[in-house]
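Just so you know, we're using our numbering here: the sequence shown kicks off at 322 and counts up by one.
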Amino acid sequence: TCRDWFRRFKNNDFQLEDKERSGAPKKFQDKELEQLLDEDPSQTLSELGKILQVDESTVSKQLFKRVRNDPEARTLGAV
């Protein structure tokens, strides 16, 4: 994405080739995320992503799915 390119250029990385990828993205279990949130519900998406070794957008999507599928959360206006 553009954000990635800006970040690379800002860090003086002017290589135009894509960096090597490790393959399929790492997956995590809902239980892992739930346990982390039980320990400290104030953690940011970025912090959770680092702990779970996934991008913060992956954490965000997973949290949104959880809230969307939780009838109690829907009544509280979370969605």
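Even glycine gets a Cβ: it sits at the ideal position worked out from N, Cα and C.
Measuring only the C-alpha atoms, how far is R387 from V380?
11 Å
Going along the chain, which residues of its own chain have a beta-carbon closer than 6 Å to the beta-carbon of V400, five neighbours each way excluded?
Because the pLDDT at V400 is just 48, under 50, the model does not fix this residue reliably, and the point stays unresolved.
Taking the alpha-carbon positions, what's the F330 to D376 distance?
Going from the Cα of F330 to the Cα of D376 covers about 20 Å.
Give the single residue among S363, L369, T365 whose Cα lies nearest to the Cα of L354.
L369
Quick check on the burial criterion: 16 or more other C-beta atoms within 10 angstroms. Buried or exposed for Q350?
By the neighbour-count rule (16 or more Cβ atoms within 10 Å), Q350 is not buried but exposed.
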